[in-house]
Amino acid sequence: MAASPDATGTRPANVLRKAVVIGGNRIPFARANGAYTQASNQDMLTAALDGLVARFGLQDERIGEVAAGAVLKHSRDFNLTREAVIGSALSPETPAYDLQQACATGLETVVGLANKIKLGQIDSAIAGGVDSASDAPIAVSEGLRAVLLELHRAKTVQQKLTTLAKLRPKDLAPNAPDTAEPRTGLSMGEHQALTTAAWNVTREAQDELSLASHRNLAAAYERGFFDDLMTPYRGLAKDSNLRADTTLEKLAKLQPVFGKNLGAEATMTAGNSTPLTDGASAVLIGSEEYARSNDLPVLAEVVDSEAAAVDFVHGKEGLLMAPAYAVPRLLARQGLTFADFDFFEIHEAFAGTVLCHMAAWESEEFCRNKLGLQKPLGAIDRTRLNVNGSSLATGHPFAATGGRLVATLAKMLREKTDAESRPTRGLISVCAAGGMGVVAILEAN
Amino acid sequence: MADRYLDLVNAGPVKSLAKKLGLPQPAVLRRYRPGAPVLPGPVLVLGSGSGADVLAKELLGWDLDVRRHVAPKERLGGIVLVLDELAAPEELADPMLTAGSSLRDLAPGGRIVTISRPATGTGQPAQAAARQAVDGALRSLAHELRGGATGNGIVLGEGVDAGAPAVLGALRFLLSGRSAYVNGQFLLVGSGVASLPANPDRPLAGKVAVVTGAARGIGAAIAETLHRDGARIIAVDVPAAGEQLAQVANRIGATALQLDITAADAGAKIAAHAAERNHGLDIVVHNAGITRDKLLANMDQAKWDSVIAVNLASQLRMNEQLLASGVLREAPRVVSLASTSGIAGNRGQTNYAASKAGIIGMVRASAAAFADAGGSINAVAPGFIETAMTARMPFVTREVARRLSSLQQGGRPLDVAEAVSFLASDAAGGINGQTLRVCGQSMVGA
Ligand SMILES: NC(=O)c1ccc[n+]([C@@H]2O[C@H](COP(=O)([O-])OP(=O)(O)OC[C@H]3O[C@@H](n4cnc5c(N)ncnc54)[C@H](O)[C@@H]3O)[C@@H](O)[C@H]2O)c1
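First to last, the protein sequences are chains A and B. Be aware that the first sequence starts at 1, since it is given in my numbering, and climbs by one per residue. Be aware that the second sequence starts at 446, since it is given in my numbering, and climbs by one per residue.
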């Protein structure tokens, strides 16, 4: 429910209030061309919303605002989130907007909506994201597009025929989606391979991180951790990318797929990189008052967030290194160090990405020269890192990852705070295409 | 699963052909619709004692035309035989034969209800004989009824008057369309205390109910029916059934709780959810259940254990945790799903029948604890119900199972749900520790 108009016409005091995570829902993530091949982004986002509505009894409720997005998006989906809301069990009077910030989309919807709640503009919100690599838009070639547009403008039959005659066979090949950076033409994996090599991250270290991700995720399922964070979809009840029985030996056997022409040893395989994935997530957030008056739980507070971008185009920094800059800026603003955090959720675009960020924070040189710090930020306690698995195991439907991270971390913080009767804090870090990164802090009390 | 035969014999040429050939002629049952009259015609109240007078007066208050004497050729909605003062077997002839002379006038979907007292081991032998005789007479009469009419009985416990609120609650259930698939059964009203709803179409208004196994089948129907009757629902099912569970929850404004009821803390989790989201809990429906059929000679430990764990052990544990949690409000009511297999046994179902018979023992032995809490605990034992579970049966077995009841058809999940909703209501407050069969008077399990 949104704040009701004040009958007396007094302006709301611009006092910041807290925005809290109430809970989340996602559908299990599916490797591309698997269980969700026939599902569109709208189908999956609607399913994620409906699961959230069912979990929290939000049927026919007018939520303050819903924001979500997709990275791979059809032009027909110009109003994707609103369409999903209309198709869901929420009140059709719930407004919605789309947001797109590459892989940071999901986290940024949480940040933006939390800010609106903090400002008193809305009392409740649902943040989310979805992506389908199976049902991705396919663009026609530039040649065909030019001809089609000209055909549309042509008036006479003669003009139309002349225009059509300009078509060449190669124009008919469609442009399939890929993750190549428009300005460098390099895929994300090739970009990361450069950074991985530059930071001398070994194959073993990457495989170990991947193994931990799969083991942690499998253990989390085993404990029933996801019972109130997930709703099965199209017969899938667990992330299909999860390999609970994988081993270092199995991972070591995989052939490298990125960085094969770097001169250095190629270390990035399908085992330590995320696969293309389909999925959707949604997070319910609100003011404390909203949660209380609707008998809803409070998991954690959305405290603060920071975005950063790096100049990868001119080779000044690696494509996925922006979080290495965003995190120290956020810590400085909040007056915190790594020791103040109980959990770290660092999105595993590639194992190398996480390891490069951590290496940078431990590097005196990087921290001095790039961050202007007297001493390095230091090491992250690996026992607090991605303890319930992350993208290497779950897969990574781009815009859906943020919602997964926020709901997972918020629940972990609530459990730890309840178990130890003390406040807890967690950090989320997400790298994104275009040399960007968004990071955020959650706290439970 | 659609019953095509039932549809066929109720229309056109097949109807008369079936009649000529002497084939079973299942009727379309008279089921409850909110706002519909309790009975499809006047009710004839037979019996000479004070109980009969009291009941006749109460029935007038339900907007029914009440007859105390047979009026020839008048279409009747129901017949109530008040037999609570029977002292000797000879006294049964008059009311039974009078009822018999009116059977031809009973409307389709009509109801016959006897009101009698239990034949305990302590009374006069002649009185006990007369009381027990009602049992045999009613059950036989139920077999003879046609056109979807049913016959059931209410047995009054020690000190319970025929006009007590608890008796009226049970009587209304048995006369109404809510009991469509209940036939040949007796309900023991052990205490007269019950509170009748202000609005008989919303008997569960203001109540909070948890239903396990609510993602599909009978559980989904129970969740929908309790919601229709006014309750707010917490819908529970295993995480793997979450997609269907969410759909059920969103249809009825419920909260979905993905939970395996065999988890050690399942009861505590339900209690915590109800406390946080609903400030308390009034009704618990233990519906989740599984079958793992095998002849005992081929039964392995896993099949045996899983059925006992889901169908029985989990309920015992959850009841304990819920009673201890403090979440249960005044007059908490538990309804468990048993099965006619647990009464009659069924080839290939030693494990399942053990679990379902166990339920019958559990509710009997838990009755005192729930009575102390001001509430009740009862079971419903469905017979053959048309669900995904029974759709998997081989064709011939399924066809035979359908026609093996006096009503000559399988029941619907809704029919079970109606009985559950009744036992979960305060109108059923006088019924405790009992098992009510919803089986169309299946020949199986007497
Ligand atoms: N269908 C019949 O003819 C019939 C007859 C007699 C009794 N019953 C009883 O009625 C009840 C419902 O039967 P149905 O036909 O609807 O069955 P069903 O199989 O269609 O539904 C049972 C539901 O219970 C859920 N469930 C199973 N194990 C669970 C667990 N550990 N935790 C939580 N949920 C669990 C299932 O996921 C399913 O959604 C059962 O107890 C059954 O034994 C059915």
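Quick reminder that beta carbons are idealized off the backbone N, C-alpha and C, glycines included. None of these values were measured; they are calculated from a predicted model.
Cβ-based neighbour list, residue i, same chain, cut-off 6 Å, excluding 5 preceding and 5 following
| i | result |
| --- | --- |
| residue 30/A | 36, 236, 240, 278 |
Test item: CB-CB of residue i and residue j under 8 Å
| i | j | result |
| --- | --- | --- |
| residue 308/A | residue 290/A | no |
| residue 509/B | residue 489/B | no |
| residue 216/A | residue 25/A | no |
| residue 125/A | residue 83/A | no |
| residue 875/B | residue 634/B | yes |
| residue 330/A | residue 441/A | yes |
| residue 59/A | residue 695/B | yes |
| residue 576/B | residue 587/B | no |
| residue 492/B | residue 527/B | yes |
| residue 85/A | residue 286/A | no |
| residue 583/B | residue 596/B | yes |
DSSP-derived helix/strand/coil call for residue i
| i | result |
| --- | --- |
| residue 651/B | coil |
| residue 1/A | Because the pLDDT at residue 1/A is just 43, under 50, the model does not fix this residue reliably, and the value given afterwards should be weighed accordingly. Residue 1/A falls in the coil class under three-state DSSP. |
| residue 409/A | helix |
| residue 884/B | coil |
| residue 448/B | coil |
| residue 364/A | helix |
| residue 822/B | strand |
| residue 428/A | strand |
| residue 402/B | An answer regarding residue 402/B cannot be provided, because it is not within the stretch 446 to 891 covered by chain B. |
| residue 765/B | helix |
| residue 375/A | coil |
| residue 721/B | helix |
| residue 161/A | helix |
| residue 698/B | coil |
| residue 49/A | helix |
| residue 16/A | coil |
| residue 446/A | Chain A is shown from 1 up to 445; residue 446/A falls before or after that span and cannot be answered. |
| residue 31/A | strand |
| residue 580/B | helix |
| residue 556/B | strand |
| residue 829/B | coil |
| residue 595/B | strand |
| residue 437/A | strand |
| residue 854/B | coil |
| residue 626/B | coil |
| residue 663/B | helix |
| residue 891/B | Low confidence applies here, because residue 891/B scores a pLDDT of 39, under 50, leaving its location unreliable and the question unanswered by this model. |
Cβ separation of residue i and residue j, assumed to be a contact under 8 Å, to the nearest whole Å
| i | j | result |
| --- | --- | --- |
| residue 469/B | residue 848/B | 5 Å |
| residue 269/A | residue 254/A | 4 Å |
| residue 449/A | residue 52/A | Because chain A in this structure spans residues 1 to 445, residue 449/A falls outside the shown range and cannot be described. |
| residue 332/A | residue 437/A | Going by Cβ atoms, the distance from residue 332/A to residue 437/A rounds to 16 Å, so no, they are not a contact pair. |
| residue 399/A | residue 34/A | That belief does not hold up - the Cβ atoms of residue 399/A and residue 34/A are roughly 18 Å apart, past 8 Å. |
| residue 413/A | residue 443/A | 7 Å |
Beta carbon proximity, residue i to chain E, threshold 8 Å
| i | result |
| --- | --- |
| residue 773/B | The chain inventory of the structure shown lacks chain E, comprising the protein chains A and B. |
Same chain, Cβ closer than 7 Å to residue i, neighbours up to 5 away in sequence not counted
| i | result |
| --- | --- |
| residue 787/B | 798, 801, 802, 804, 805, 826 |
| residue 570/B | none |
| residue 546/B | 515 |
| residue 50/A | 88, 89 |
| residue 113/A | 65, 67, 125, 127, 285 |
Contact set for residue i: own chain, Cβ-Cβ below 8 Å, skip 5 residues either direction
| i | result |
| --- | --- |
| residue 355/A | 196, 199, 201, 205, 206, 209 |
heavy atom of ligand 3 below 7 Å from residue i C-beta
| i | result |
| --- | --- |
| residue 829/B | Ligands in the displayed structure: ligand 1; ligand 3 is not one of them. |
query: When Cβ atoms are compared, which residues of the segment 291 to 304 of chain A fall closer than 8 Å to chain B?
result: Result list: 295, 296, 297.
- prompt: At a Cβ cut of 8 Å, what residues of the segment 203 to 229 of chain A count as close to chain B, listed as they run along the chain?
  reply: Per Cβ criterion, the list reads 224, 226, 227, 228.
Residues of the segment 233 to 255 of chain A whose Cβ lies closer than 7 Å to any Cβ of chain B, in chain order: Cβ contacts with chain B: 233, 237.
query: Listed from N- to C-terminal order along the chain, which residues in the segment 36 to 56 of chain A have their beta-carbon within a distance smaller than 7 Å of any beta-carbon of chain B?
result: Residues passing the 7 Å Cβ filter: 50, 51, 53, 54, 55, 56.
- request: Could you name the residues of the segment 352 to 364 of chain A whose beta carbon sits closer than 7 Å to any beta carbon of chain B, in the order they occur along the chain?
  value: Closer than 7 Å at the C-beta level to chain B, one finds no residue of the segment 352 to 364 of chain A.
task: Please list the residues of the segment 722 to 755 of chain B that have a C-beta atom closer than 8 Å to any C-beta atom in chain A, keeping them in chain order.
output: For the segment 722 to 755 of chain B, which is checked against every Cβ of chain A, the residues closer than 8 Å are 722, 723, 724.
task: With 9 Å as the C-beta to C-beta threshold (strictly closer), list the residues of the segment 82 to 98 of chain A near chain B in chain order.
output: Listed by position along the chain: 88, 89.
field: Residues of the segment 384 to 397 of chain A whose Cβ lies closer than 9 Å to any Cβ of chain B, in chain order
entry: When C-beta distances to chain B are compared with 9 Å, every residue of the segment 384 to 397 of chain A stays at or above that value.
- request: Could you please tell me which residues of the segment 637 to 670 of chain B, in chain order, have their CB closer than 9 Å to any CB of chain A?
  value: Per Cβ criterion, the list is empty.
message: Using a Cβ-Cβ cutoff of 8 Å, what residues of the segment 703 to 716 of chain B are near chain A? List them in chain order.
response: Flagged, chain order: 703, 704, 705, 708.
- prompt: According to a CB-to-CB cut-off of less than 8 Å, which residues of the segment 58 to 80 of chain A neighbour chain B?
  reply: If the cut-off is 8 Å between Cβ atoms, the segment 58 to 80 of chain A has 59, 60 near chain B.
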